[in-house]
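To keep things clear, I will list the structure first and then write my remarks on it.
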Amino acid sequence: MRSGNPTLTANTFRERCLDGNAMTLNGTVHKTALLLIGLIATAAITWRRTMLTEDPSTLYPYLIVGVIGGLVV
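Mapping to this note's numbering: the sequence shown position 53 is 324, numbers consecutive.
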């Protein structure tokens with residue numbers, strides 16, 4: 272699509288497209304697997320702590336840290 276805007280010319284994007292490595296399927300699979308392992312591990316720890324506790328108020332510090340950590344990440 273043609274535009275009169277000087278920031279949308281082909282030369283603007285040409286230099287920036289050459290920097291960096293290309294995203295590969297292998298890299299995507301590895302990163303996805305790493306994230307899934309982290310997700311399953313943290314879910315298992317949380318489930319175990321929830322099932323073993325007698326007093327739910329002991330879980331509040333973990334809840335607060337998890338919420339803050341999740342929002343930061």
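Idealized CB from N, CA, C, for every residue including glycine.
Two segments are said to touch when three or more pairs of C-beta atoms, one from each, lie closer than 8 Å; by this definition the region 300–310 does not touch the region 323–332. Boundaries of the alpha helix (DSSP H) around Arg-319: 296–323. Across the structure, Ile-316 and Leu-305 are spaced so that their CA atoms are roughly 17 Å apart.
In this structure, the straight-line span from the alpha carbon of Gly-337 to that of Met-294 is close to 30 Å.
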